[in-house]
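Those protein sequence lines, which keep their order, are chains B and A.
Note that this note's numbering has the first sequence beginning at 1, numbered continuously upward.
Note that this note's numbering has the second sequence beginning at 1001, numbered continuously upward.
Note that beta-carbon positions come from the ideal geometry of N, C-alpha and C, so glycine has one too.
Owing to the predicted nature of the structure, the values given are computational and were not obtained by experimental measurement.
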Amino acid sequence: AQKVTQAQTEISVVEKEDVTLDCVYETRDTTYYLFWYKQPPSGELVFLIRRNSFDEQNEISGRYSWNFQKSTSSFNFTITASQVVDSAVYFCALSTSGTYKYIFGTGTRLKVLA
Amino acid sequence: SAVISQKPSRDICQRGTSLTIQCQVDSQVTMMFWYRQQPGQSLTLIATANQGSEATYESGFVIDKFPISRPNLTFSTLTVSNMSPEDSSIYLCSVRTSSYEQYFGPGTRLTVT
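And the structure:
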């Protein structure tokens, strides 16, 4: 069975704090893809990153960084020096090479307070 | 990436009526998807729409309730039929690129009264 767990339902931080959003996945497939999406209050889903199962390099993009660890089946997302505009619901998703479908986590609502 | 538009962006409909949602992509894509997102919830896949074939529906969703058309590689429609208040949701279409990435439209916010 495939599953994505985002245990943090809601996180509140004060602006400029760092925050990490957790994502734990389950799959028996050896080739799979992990994703993060941002859904601001406007409702549109914004693609942030894709990570392949065979590439465990961490990635940094500006204030965003992602830590992929196959040993713990985790793909965590860190926002450094958070800003109010980061307030959104963030979804982690999994897709395997044998299917086109995405398995979404339940999302983490991030509130960044000024 | 892909740029996706949806019409309408929002609507308020009466119980028992139907609404057709349009999804337009700026490039040709093989796979298009329709999702439902109920308030405060995650995304649930309704069906996959491939051009030239019948849509494939997920468990709990049926063609009579959610008929889908896919007349070409850049366009699809989803109809929500015989609506009830439980159908109040955001409906999103998405497309999958060759690199397994999915890009989503802005969504259609449907309220059924």
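Counting every other CB atom within 10 Å of its CB across the protein chains shown gives B/D18 a total below 16, marking it as exposed. With distances taken between CA atoms, B/Q69 lies nearest to B/D55 out of B/K111, B/K3, B/T9, B/D55. Within chain B, the residues G43, E44 have their CB atoms less than 7 Å from the CB of A/G1107, given in chain order. For A/F1061, there are no neighbours in chain B by C-beta distance under 7 Å, as the nearest C-beta there is about 13 Å away. One Cα belongs to B/Q57, the other to B/Y32, and the distance between them is close to 15 Å. For A/Y1091, the closest Cβ of chain B is not nearer than 8 Å. In the DSSP assignment, A/C1023 falls within the unbroken beta strand (DSSP E) covering 1019 to 1025. Interface annotation for the stretch 16 to 45 of chain B against chain A: Y33, F35, Y37, Q39, S42, G43, E44, L45, criterion Cβ-Cβ distance under 9 Å. For B/R63, no Cβ of chain A is located within less than 8 Å of the residue's own Cβ. Of all residues in the stretch 1054 to 1086 of chain A, only E1058 place a beta-carbon less than 9 Å from a beta-carbon of chain B.
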